[in-house]
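Converting from the sequence shown to our numbering requires adding 28 to each position, the first position being numbered 1.
Even glycine gets a Cβ: it sits at the ideal position worked out from N, Cα and C.
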Amino acid sequence: MDILLVASAFNSLSQRVHAELTDEGHRVDVVLASHGTDAIRTAVDEVCPELIIAPMLKTALPDDVWQAHTCLVVHPGPPGDRGPSSLDWAITEDAAQWGVTVLQAEAAMDGGDVWASESFPMAPVGKSDLYRNEASDAAAAAVRLAVQRYADGSFKPQAQSDPSIRVVWRDVFRQEQRRIDWDGDSTETVLRKLRGADSQPGVLDELLGREVFLHGGHPEDRLRGRPGELLATRAGAVCRATRDGAVWIPELRLRKNSGDPAPFRRPAAAVLASFPAPSDSEAKARIRPPSWSGSRPGWLPEDTAPLELPAGRRTWTDIRYRQQGDIGFLSISFPAGAMSTDHCRRLLAAYRYALTRPTSLLVLGGARDFFSNGIHLNVIEAAADPAGESWANLNAMNDLVEAVLRTTDRMVVAALGGNAAAGGVMLALAADEVWCRTGTVLNPHYRRMGLYGSELWTYTLPRRVGAETARRLTTEALPVSAAAAATIGLVDRLVEAQAQEFTAEVDRMAAELARDPDLSRRIAAKAASRRADEEQRPLAEYRRAELARMRAIFFDPHAPYHALRSAFVRKLPGGSARPLSPVGEPVAGSDW
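Written out as structure tokens, the structure reads:
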């Protein structure tokens with residue numbers, strides 16, 4: 029069937045729907061609604077689709093389009109739920125169960141007939157995490173069912189006037205409802221407000237006399253202070269006191285009209301470092317000039333957390349290590365999967381620590397949501413020298429990938445609980461085995477950001493999938509479903525588990541692998557294979573060739589990468605209205 033996806037952004041769900049419908053044999057094209065109604069009409073005329081699906085749409089479809097074609101809209105709420113802030117309300121109301129509905133487009137917003145719906149359990153995570161995982165699983169299943177019913181031709185969609193459907197209109201969830209009362213709100217209330225806005229739009233607040241949006245929220249069990257007081261930084265996040273505890277906030281964003289040159293999400297400590305130091309005497313007493321840098325404010329202490337957290341700790345850290353017998357687990361959780369120079373260097377240090385532990389198997393990843401999306405474009409865009417920061421970030425990423433590839437004394441497994449792209453995929457491919465949760469979407473390419481690519485992909489990708497498939501993946505630049513990735517050899521094992529069960533299932537699979545009597549032989553064989561590959565062509569040569577191509581791009585002010593990066597980070601229209609057109613014009617997508 030010829031299917032046209034209309035999306036406000038080619039985000040995680042749009043990519044998943046595209047990949048899974050393609051797997052089922054449909055011809056799928058995409059048009060971005062952000063380019064206007066004329067772009068949608070043009071795409072409809074060119075594609076002549078049998079079915080139009082809107083996986084993620086912030087604006088209404090043109091009347092003449094939905095009146096002339098069957099258009100199915102994915103709504104992140106159960107049947108009868110209407111309004112633009114469905115998940116926000118579900119998190120605020122602490123719903124135990126929620127749903128996704130595929131309904132037919134009509135004049136009334138979310139008022140069309142229901143073609144399919146799926147329910148899912150609400151997890152105590154941020155909205156964007158929930159959207160990419162539980163909600164995405166339900167949405168993908170509902171879309172596949174709706175397409176099957178449409179193709180069958182005998183299904184009659186359910187009208188929302190049906191007595192079994194309870195219609196509820198939920199208005200836009202506004203900042204006034206998100207505002208945190210630091211003196212009155214409990215820690216759990218603060219966390220719920222932060223989680224309900226973690227990616228978009230953030231919670232509007234005030235810090236040091238400036239309006240900022242807070243993004244993300246995690247509990248802290250030990251640090252305490254006056255309600256609203258800034259207590260410490262850790263790995264780029266800041267800790268702020270509540271009336272009965274404290275929370276960690278990983279990212280901040282300034283208003284677009286604030287005059288700040290970087291009004292987009294960045295590590296919270298880096299944003300605070302750009303503010304003048306507080307004038308109060310207590311803050312001045314904490315200032316330690318040697319620690320002042322562009323990455324954190326020197327007037328706040330850095331509260332480090334051990335890699336191996338004691339049992340029962342309830343605190344935030346983006347890198348953790350734990351050990352179960354002969355197995356080491358190095359888990360990572362970076363906002364949006366982006367890895368800055370600092371992230372890469374800290375993870376490399378943690379990886380080297382893990383190699384000192386007496387294990388025969390090391391699992392990298394294993395947490396729910398993003399594995400990695402490679403270099404941190406937001407941090408690069410905010411840097412005084414974006415080209416230089418791009419270069420530093422890429423080299424740090426390469427150091428990490430090379431360390432994984434050169435590990436020959438134990439098996440290394442990359443466990444992907446969520447999506448991965450660009451250098452993040454190549455980090456996973458450096459491991460001996462890649463385990464991937466079903467529903468995960470991989471983007472093993474760099475082209476849509478105007479880049480050649482690095483992270484030793486010219487060695488790892490052809491080694492896994494063959495030269496021809498590697499060429500196709502990197503030039504077509506299409507999203508790949510977990511199932512398709514397993515078919516072509518990009519992934520070794522699919523993990524059939526819900527997002528909340530992923531870590532436990534990875535633990536079970538790792539224990540099974542560690543008991544394999546053939547494990548020692550496999551470790552010896554991989555060491556011999558690495559030696560043979562090194563003799564044929566050293567990793568240093570792959571790295572040198574890739575970095576030469578990337579350096580030429582980074583330090584060319586006219587290279588498309590700079591405009592594409594800026595458009596992506598600042599959420600500006602970029603590239604073509606048809607992100608998956610036959611010519612493959614590179615554009616940057618966005619998530620949530």
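Take the Cβ of residue i as the centre, count every other Cβ of all protein chains shown within 10 Å, and call the residue buried at 16 or more, exposed below.
i: K184; result: exposed
i: H246; result: buried
i: K312; result: Because the pLDDT at K312 is just 49, under 50, the model does not fix this residue reliably, and the value given afterwards should be weighed accordingly. The residue is exposed, with fewer than 16 neighbouring Cβ atoms inside 10 Å.
i: L600; result: exposed
i: D437; result: exposed
i: S557; result: exposed
i: P107; result: buried
i: H586; result: exposed
i: F583; result: exposed
i: D122; result: exposed
i: A495; result: exposed
i: Q188; result: buried
i: T486; result: buried
i: P289; result: exposed
i: N285; result: exposed
i: R283; result: exposed
i: V200; result: exposed
i: T5; result: The first residue shown for the chain is 29 and the last is 620, placing residue 5 beyond what the model contains.
i: A510; result: buried
i: R571; result: buried
i: S307; result: exposed
The beta strand (DSSP E) that contains residue i, what's its start and end?
i: H97; result: H97 -> no beta strand (DSSP E), and no H or E assigned at all.
i: W344; result: Here W344 belongs to no beta strand (DSSP E), and DSSP marks it neither H nor E.
i: P247; result: H246 to E248
i: H243; result: R238 to H243
i: V266; result: A265 to A269
If we call anything under 7 Å between Cβ atoms a contact, is residue i one with residue j?
i: V440; j: D460; result: yes
i: S482; j: E409; result: no
i: P77; j: D116; result: no
i: V597; j: F292; result: yes
i: T174; j: W143; result: In the sequence as displayed, the identity of residue 174 is Ala instead of Thr. The answer is yes: Cβ separation under 7 Å.
i: A263; j: P329; result: no
i: G402; j: G451; result: yes
i: S114; j: P104; result: yes
i: S323; j: M367; result: no
i: L625; j: L428; result: Because the chain is modelled from 29 through 620, residue 625 falls outside the range shown and cannot be assessed.
i: L470; j: V493; result: no
i: T503; j: L457; result: no
i: V15; j: R606; result: The requested residue 15 is not part of the displayed model; the chain covers only 29 to 620.
i: E204; j: H243; result: no
i: N406; j: R281; result: no
Spatial neighbours of residue i within its chain, please: CB distance less than 7 Å, with the 5 preceding and 5 following residues excluded, ordered by chain position.
i: R385; result: Q351 and G356
i: V56; result: I31, L33, H46, L49 and T50
i: S164; result: S40, L41, R44 and G467
i: A61; result: V34, A35, S36, I68, L85 and T87
i: K221; result: R206, I208 and V231
i: P610; result: Note that P610 scores 36 on pLDDT, short of 50, meaning its location in the model is unreliable; the coordinates nonetheless yield the value given after this. Answer for P610: no residue qualifies.
i: I315; result: Only weak support is given to the placement of I315: the predicted model assigns it a pLDDT of 47, under 50, and the value that follows is read from those uncertain coordinates. For I315, where only same-chain residues beyond five positions count, the Cβ hits under 7 Å are A305, G326 and W327.
Quick one: does the C-beta of residue i sit closer than 6 Å to a heavy atom of the ligand SAH?
i: M29; result: The ligand SAH is absent from the structure shown, which contains no ligands of any kind.
Can you give me the start and stop residues for the alpha helix (DSSP H) that residue i sits inside?
i: D73; result: T65 to V75
i: M425; result: P414 to L433
i: Q132; result: Q132 -> not in any alpha helix (DSSP H); beta strand (DSSP E) instead, spanning Q125 to Q132.
i: T497; result: A495 to E504
i: K561; result: Per the sequence shown, residue 561 should be read as Asp rather than Lys. Taken as a continuous stretch (DSSP letters only), the alpha helix (DSSP H) holding D561 covers L547 to Q564.
i: N406; result: L405 to A410
i: P149; result: Looking at the DSSP string, P149 is not in any alpha helix (DSSP H); the run it does join, the beta strand (DSSP E), is V142 to P149.
Give me, in chain order, the residues of the same chain whose beta-carbon lies closer than 6 Å to that of residue i; leave out the 5 immediate sequence neighbours on both sides.
i: R110; result: D138 and W197
i: P414; result: I408
i: V102; result: P83, V130 and A167
i: W276; result: H246, E248, A265, C267 and W344
i: S418; result: I408 and F582
i: P588; result: G478
Can you find the residues in the same chain that come closer than 8 Å, C-beta to C-beta, to residue i, ignoring five residues on each side of it along the sequence?
i: W656; result: For the chain, the structure presents residues 29 to 620; residue 656 sits outside this window and is missing.
i: A118; result: G105, W126 and M150
i: R160; result: S40, L41, D397, F398, G446, N447, D619 and W620
i: G237; result: none
i: R172; result: E48, L49 and E52
Inset, instruction - Evaluate the contact criterion for the segment 460 to 467 versus the segment 443 to 451: three or more CB pairs, one atom per stretch, below 8 Å. - result: yes
Inset, instruction - Mind the definition here: the segment 52 to 72 touches the segment 90 to 101 only if three or more C-beta pairs lie below 8 Å; say whether that holds. - result: yes
Inset, instruction - Kindly confirm or deny that the segment 219 to 229 and the segment 141 to 158 touch, where touching means at least three C-beta pairs closer than 8 Å. - result: yes
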